[in-house]
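Asker: One structure, pasted below without further comment.
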Amino acid sequence: MSSLVRAASPGRHRGARTAIAAVLSLLLAVAANVFVAVPAANAASGTPISIDNVRFETSKIPDGSRQELTVDWSVPGEASNPVAVVVDLPDGLRGFADRFPMLDPDGAAAGECVVDAERITCTVDPAYVEGHELEMRGSFTFLADVWLENIETVEHVFEFGTVQTPVTVDPNPNRCTENCEFGGWDAWKSGSYQNLEDTISWWVGVPSGPDGIPAGQRVAVEDVLDPTVFELVGEPRVLEARSLAYDSLGRQSPQFAWKPASEYTVSGDGLRVEFTSVAGLGADAPEGQQGITGSVYEVVWTVKVLDLGKAKHYTNVANWEIEGERSGTTTGTATRYSGSGTVVGTNFGKFRLTKELAGDTSLAPAFTVNYTSELDGVVTEQKPITIHAGESFLSDELFRGTTITLDELKPAEPANVDWADPVFVLPDGTRTDRVELAFDGTQGKLGQITDIRLENAATLQRASLGAAKTVVNPDGMRIPDGTSFTLNYRWAANAALGIPAGGGAVQLPLDGSRVEIPGLPLGAVVDFTESAPAAVPGASWQEPVVEPARVTVGPDSADVQVQVTNTLTRDLGSFDLRKRLGGAGSGLVDDPSFTVQWLYPADPERGVYEAGSGTVEVTAGGEPVAVEGLPAGAVVTLEELLDPVEGGTWREPVFSQQTFTIVKGTRISVDLDNELALNTGEFSVVKRLEGSGAGLVPATDAFTVRYEYDAGIGFGAGSGELVVRADGQAVTSGPLPYGAVLRLTELEPAPVVGATWAEGAVFSPETVTIGDGTTVEVSLTNTITRDVGSIELRKQLEGTGAHLVSADREYRFTYEYPAGAAWDAVGPTELAVPGDGSAVRIDDLPAGAVVTIRELEPEAVEGGSWGAPRFSESNVVTVGKDASTEVLVVNTLELNAGSFAVRKQVDGSGAGLLPGGTEFTVRYSYPAGPGFEAGSGVLTVTAGGVATSEPIPYGARVSLSEVTPTAVDGAEWTSARFSADSVVIGDGTVAEIVLTNTLERTGVEADLASTGVDGVGAAIFGGGLAVLVGLALLVGGILRRRRSA
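Counting from -2, one number per residue, gives the positions in the sequence shown under the numbering used here.
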């Protein structure tokens, strides 16, 4: 597979394809960059060459374009072989490969130029150099591609050795800045002509979408080759792109590579190529490239051009087919562009004879000049030269040493022309009637053309005649002194007599004296006409009478006199006047007749010798009225006389032309338009406010007053609005038509926070009639009432302790609210609310105010505790307009609790027998009371101890009883006494009750007691018993230890 990889042309995109020349330019750029640029040289070894000039066809070119350059060169001194001109191309220029001949002045090939990417080399044929050594020079024109890659317009200087060529270079028009992604392309075909081989490469683009042709599709492309024009060279080749990349011009293009020949088939005649599309590189694309899912294809044929480029323009067609379903045809063109070159050198000279004819004739005869040339004593040429005035005769090449002679035969015809002797004028200014000139490098220059002028003079013969003026002035118009009249005369050209067309004019004086007209060519037929005479103000000249009007000039013409007669008459004109009446107040006019005065001053300079004036009556809307017989030139001024009209004002009368000049035979039409404007008046409105809410209305609040009126005399119905503020300042309307009767209404005022507008507004007066320039004062009164509401506060008492306070007890509250848009803040304000549930009303609260109600802490009540107050909804209330909000405050008074304690005492003779820790049970109970239910309980207490009850409601009366105590051996319980039979529970107190039980001994214990050893004896007995028990326990322990041992 070939290693050549080619990027698509920057110009290839959907709908427009760039010619393949751009691609070749890119290839040339690659080749050119391989070498180091060498400054332009004058020539190869051999004859020194001077590069005189290098120029572009235009001074402003775009980058990326192919431009034509022309190089002028010359050989200083005498040329000798070899003569070769070599020009190296500077950076930014790449030559378009070409080969073309250098032509001599006769069009024959005299050398050849060859152009490649880096330079152009033009070599003169050695055979031409021999014999043309002197003043050798030439020029050649060739094509080169400009490639600076500038992104903005620059002034660039291309340096060709010592020659600098400045040019303005615009950015490449194919540079892409937006929508530069590859969008696929339609089928296309283009061709590129290679001059050196006279071949064309035809490129066919197969239609493709942005992702290429999907893989696996069969593609066929066929070139329709015209065998009479082209001959196929080699086999076609296929380019395949499987990825995209951005080129230096910013455009995304397919990245092509030659497809291996094994992957496509070519028909036997080489004109049809078939292959199967492959998948793109996708994610496997190299860095800097974008893979596509399919592939993009181009097919390339190379053909030989059979006429070797003579036709210059060539066309070729290709057919394409994808999967046998999509198919089409595309056409491409190719053009052969080529340069050109010239060379000239001399070892000979030439002469150029130019004929010049002076004089006043129009003759253009053929003049005969006898011409002889002689070299080394031998006549090389002898002939008559026929030449006309203004023409030149260029001799053949006259080799060094040739001598020429020239002389002319003097003309004799026509008879009315006088001929002077002919004169030859040599380059050095020498004037002679005969030329003898040697081409030896002194007189006749070698290597250039020697110019010789041949002068002849021919003069027409001339004569004269006379003319005079007669003026007829029946109206006695004032003709200025010194007035003259212009008589024109003309004659046509007569080629046979050599008379050119001509003429002139003479001034004829008013006094009728004769004027001579000299210098008329003999034989000329002269026609006489008069120019319009100078205008006489206020008068007109009639058509002049010229007698005779035509004269043929001859030798006796001096006796002829042309008589010109003019008649002058006064000019008259007129004007008419048409009246139109308009304006809103025109209906107030009763009599439509109007008087217009006209006048004009005397103006002799205009032919108006006396002033004039008058009046004319004209009816509005009627027919025009004419004023006749006014002198032309009179400057008439019109003025209308107007009477005042009540209720209206006359505008300035408008004349279509108020001052005008009377024109001869013309009636000037004047339109007079009068407009009677309807007068206007105004009304003003001031705002007044009443009611309790007036103070809430900001002075800046605006109120809209609408007024309406029906159509009246001179005006239509109308309406409008005024905006008046509550600041007491009057607002005035604009001008309103006189007599309009206004109906006034007020748009609904804007709501005012904290207040309500009463229905209806009061205008005073209710209706307004607009006066003539007056202002009617109107007051507008609105009533507004402050928005208020109230709060009803009631007190409710709950809880087990509610009975502890009386129903008429009062409770203290405060209410407060912050400032609002229409009210000030109110701080805490106290009020008393009875506890019997009756309401206390807080009136005149601002609607919208957010009122906070707080209860002050009630006084303490014995036996009860106050809970936190509860509000029915909230203690924060928003006051509603015209509404009373009920707020219920519930206070809870809960009963407090107390307790009682029982202290146990045991008395009696048996008290000592009571085992320690013996418990006694006390039962207690209390009936239901206000705020509590009945209750009971049990206390357990030991002798000498105290037991306290659980909390019991305040005020409960507690009754006590004791459960019979547990029996005690040797004693019996004889009585139980409470210090109080019942106790009333206090507020947080503990009532103490002493419960005394008596325990008396029984039997022996009782007798012992009676001997007096009751206590001591018992103690001794108990102590002895305890010792015995202790000993027994000790012996038992010892015995257990021994058994265990």
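Built from N, CA and C at the ideal position, the CB exists for glycine as well.
#1: Apart from the five residues on each side of it in sequence, which residues of its chain come closer than 8 Å, Cβ to Cβ, to VAL965?
#2: For PRO515, which of helix, strand or coil comes out of DSSP?
#3: List the DSSP bridge partners of GLN287.
#4: Closest by CA to PRO541, which one among THR483, GLY499, VAL593?
#5: Does the beta-carbon distance from GLY202 to GLU295 come in below 8 Å?
#6: Starting from VAL550 and walking both ways along the beta strand (DSSP E), at which residues does that stretch end?
#7: Is it the case that the region 230 to 249 contacts the region 320 to 331, given that we only count it when at least three CB pairs across the two stretches are under 8 Å?
#8: Here's the rule: buried if 16 or more other CB atoms are within 10 angstroms of the residue's CB, otherwise exposed. What is GLY1019?
#9: Got a sec? Which residues, its chain only, sit under 8 Å from ALA894 by beta carbon, not counting five neighbours each side?
#10: In angstroms with no decimal places, state the Cα-to-Cα distance between PRO866 and ARG703.
#11: How many angstroms separate the CA atom of VAL773 from the CA atom of GLY584?
#12: Within 10 angstroms of its Cβ, does SER716 collect 16 or more other Cβ (buried), or is it exposed?
#13: Among residues of its own chain, excluding the 5 on either side of THR1065, which ones have a beta-carbon nearer than 8 Å to its beta-carbon?
#14: What does HIS129 pair with, by DSSP beta-bridge criteria?
#15: So which of THR383, PHE436, ALA106 has the shortest CA-CA distance to LEU406?
#16: Ignoring anything shorter than 3 residues, give me the beta strand (DSSP E) runs that lie fully in the region 800 to 888, in order along the chain.
#17: Please classify TYR486 as buried or exposed, where buried requires at least 16 other C-beta atoms within 10 Å of its C-beta.
#18: Hey, is the region 869 to 880 in contact with the region 820 to 836, meaning 3+ C-beta pairs nearer than 8 Å?
#19: Nearest to GLY796 by alpha carbon, out of LEU517, THR549, SER862?
#20: Do the region 660 to 677 and the region 756 to 765 make contact, defined as three or more Cβ pairs closer than 8 Å?
#21: According to DSSP, is CYS177 part of a helix, a strand, or is it coil?
#22: Following the continuous beta strand (DSSP E) through ARG575, name the residue where it begins and the one where it ends.
#23: Buried or exposed: where does THR744 fall if 16 or more other Cβ atoms within 10 Å of its Cβ makes it buried?
#24: In its own chain, which residues sit with a C-beta less than 6 Å from the C-beta of ILE665, not counting the 5 before and 5 after it?
#25: Compute the distance between the beta-carbons of LEU777 and LYS684, then report whether it is under 8 Å.
#26: In angstroms with no decimal places, state the Cα-to-Cα distance between GLU513 and LEU451.
#27: From SER590 to TRP647, what distance separates their C-alpha atoms?
#28: Exposed or buried, which one is GLY580 when buried takes at least 16 other CB atoms within 10 Å?
#29: For the beta strand (DSSP E) containing PHE93, list its first residue and its last residue.
#30: The beta strand (DSSP E) with GLY934 in it runs from where to where?
#31: Looking at the structure shown, is SER716 part of a helix, part of a strand, or coil, going by DSSP?
#32: Take GLU127 and list the residues in its own chain whose beta-carbon comes closer than 8 Å to its own, dropping the five residues that flank it on each side.
#33: Based on the DSSP secondary-structure assignment, which residues constitute the bridge partners of ILE446?
#34: Closer than 6 Å by C-beta to ARG851: which residues in its own chain qualify, once you throw out the five before and the five after it? Chain order, please.
#35: Quick test of your reading: SER956 and TYR921, contact by CB under 8 Å. State the CB separation rounded to the nearest angstrom.
#36: Verify whether the separation of the beta carbon atoms of ARG567 and ASP472 is less than 8 Å.
Answerer: On the basis of the supplied data:
#1: GLY907, LEU910, LEU911, PRO912, THR915, LEU996
#2: strand
#3: LEU241
#4: THR483
#5: yes
#6: Taken as a continuous stretch (DSSP letters only), VAL550 belongs to no beta strand (DSSP E), as it is neither H nor E.
#7: no
#8: Since pLDDT at GLY1019 reaches only 42, below the 50 mark, its modelled position is unreliable, and the value read off the structure follows with that caveat. Classification for GLY1019: exposed.
#9: PRO948, ILE949, PRO950, TYR951, ILE982, GLY985
#10: So the alpha carbons of these two residues sit roughly 57 Å apart.
#11: 25 Å
#12: exposed
#13: Nothing can be reported for residue 1065: it is not among the residues displayed for the chain, which extend from -2 to 1042.
#14: Bridge partners of HIS129: none, in fact.
#15: Here the closest residue by C-alpha is THR383.
#16: DSSP runs (the beta strand (DSSP E)) wholly in the region 800 to 888: 807 to 814, 823 to 831, 837 to 843, 847 to 852, 861 to 863, 873 to 875.
#17: buried
#18: By the Cβ rule, the region 869 to 880 does not count as touching the region 820 to 836, because fewer than three pairs are nearer than 8 Å.
#19: Answer by Cα proximity: SER862.
#20: Not touching, per the Cβ criterion.
#21: coil
#22: 569 to 579
#23: A small fix is needed here, since residue 744 is Leu in this sequence, not Thr. So LEU744 counts as exposed.
#24: PHE572, PHE657
#25: Yes, the pair counts as a contact, with Cβ atoms nearer than the cut-off.
#26: So the two alpha carbons sit approximately 38 Å from each other.
#27: 15 Å
#28: buried
#29: Taken as a continuous stretch (DSSP letters only), PHE93 belongs to no beta strand (DSSP E), as it is neither H nor E.
#30: 932 to 939
#31: strand
#32: ASN78
#33: LYS347
#34: If we look at ARG851 and ignore the five residues flanking it on each side, its Cβ neighbours are THR811.
#35: 7 Å
#36: yes
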